[in-house]
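Residue numbers (the numbering used here): 3 to 265.
Below: the structure, in structure tokens.
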């Protein structure tokens with residue numbers, strides 16, 4: 003067999019196996035190994051964080067959490083960002099409640115920064131996992147959504163992603179996974195997600211910053227924290243991109259001065 007031609011048939015008549023250490027062999031084994039590593043990390047993270055991120059667990063350790071923030075504020079912020087990246091990047095449930103908790107814990111300004119960076123970074127991690135490791139699974143399980151989103155991206159470009167982020171009618175993890183299979187660049191996905199999610203993130207963090215204690219949040223639930231003003235704000239946010247799109251289409255359909263004078 004010619005070693006320079008890996009597709010050449012072996013004496014038995016079948017295709018020869020890629021030689022160990024060759025680029026093709028590394029490519030063959032690289033993706034399954036990476037998937038196993040991701041699965042192990044996800045399992046360990048869920049096992050370690052699952053109970054510890056529950057609201058009841060955190061409420062019981064409220065004083066300890068405050069002591070950690072006062073003694074090592076930088077470490078607390080870094081750990082918080084890391085936790086948020088893991089939760090959103092691996093599509094664990096509870097991101098909305100975690101946003102309220104971080105608003106209570108860090109206050110509005112610092113909490114907004116931490117959640118914004120963590121959520122966008124986590125979304126980008128999920129986007130890259132879908133693009134490079136989970137493509138086949140996403141195509142099989144989300145084909146209908148993929149077709150619709152691809153068509154919308156062709157028509158509207160990154161503005162469509164901005165709309166999806168501003169109006170969360172499509173689940174967060176679905177947007178991340180499906181966008182990974184489109185032709186949108188990772189950098190574009192990152193900054194559009196950062197801007198599009200910022201208003202909603204700010205509303206949730208602000209709501210969390212008004213909570214007097216985690217015990218109150220655990221007893222009353224998120225519904226008591228989200229006031230009618232915040233709900234109204236979400237409605238306005240949802241109508242905003244639709245209004246902008248309508249105005250753009252109206253201006254685009256208006257005849258120019260040259261067209262008017264020539265008729």
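In this text, a Cβ means the ideal position worked out from N, Cα and C, and glycines have one as well.
These numbers were taken from a predicted model, which means no experiment stands behind them.
What's the gap between the Cα of residue i and the Cα of residue j?
i: residue 56; j: residue 178; result: 24 Å
i: residue 98; j: residue 92; result: 15 Å
i: residue 4; j: residue 145; result: Below a pLDDT of 50, predicted positions are generally treated as unreliable, and residue 4, at 43, falls in that range; the measurement from the model is reported next regardless. Each residue's Cα considered, the two are about 41 Å apart.
i: residue 87; j: residue 123; result: 6 Å
i: residue 66; j: residue 214; result: 16 Å
i: residue 78; j: residue 90; result: 18 Å
i: residue 94; j: residue 219; result: 20 Å
i: residue 201; j: residue 119; result: 13 Å
i: residue 131; j: residue 85; result: 18 Å
i: residue 1; j: residue 170; result: A query on residue 1 cannot be resolved here, the shown segment of the chain reaching from 3 to 265 and no further.
i: residue 136; j: residue 191; result: 18 Å
i: residue 209; j: residue 69; result: 22 Å
i: residue 174; j: residue 138; result: 20 Å
i: residue 184; j: residue 176; result: 13 Å
Could you tell me which of the options sits nearest to residue i, measuring between CA atoms?
i: residue 186; options: 94, 81, 105, 151; result: 151
i: residue 61; options: 107, 89, 193; result: 107
i: residue 117; options: 219, 207, 189; result: 207
i: residue 81; options: 193, 64, 104; result: 104
i: residue 180; options: 201, 171, 149, 170; result: 149
i: residue 168; options: 153, 125, 209, 194; result: 194
i: residue 121; options: 142, 63, 204, 69; result: 204
i: residue 222; options: 102, 74, 198; result: 102
i: residue 115; options: 217, 63, 197; result: 197
i: residue 109; options: 216, 63, 212; result: 212
i: residue 134; options: 155, 182, 164, 64; result: 182
Applying the criterion that 16 or more other CB atoms from any shown protein chain within 10 Å of the CB defines a buried residue, is residue i buried or exposed?
i: residue 59; result: exposed
i: residue 162; result: buried
i: residue 157; result: exposed
i: residue 159; result: exposed
i: residue 113; result: buried
i: residue 188; result: exposed
i: residue 73; result: exposed
i: residue 76; result: exposed
i: residue 140; result: buried
Alpha helix (DSSP H) containing residue i: first to last residue?
i: residue 197; result: 188-211
i: residue 99; result: 97-108
i: residue 69; result: 64-73
i: residue 171; result: It is not in any alpha helix (DSSP H) - residue 171 carries neither H nor E in the DSSP assignment.
i: residue 149; result: 145-158
i: residue 216; result: 216-222
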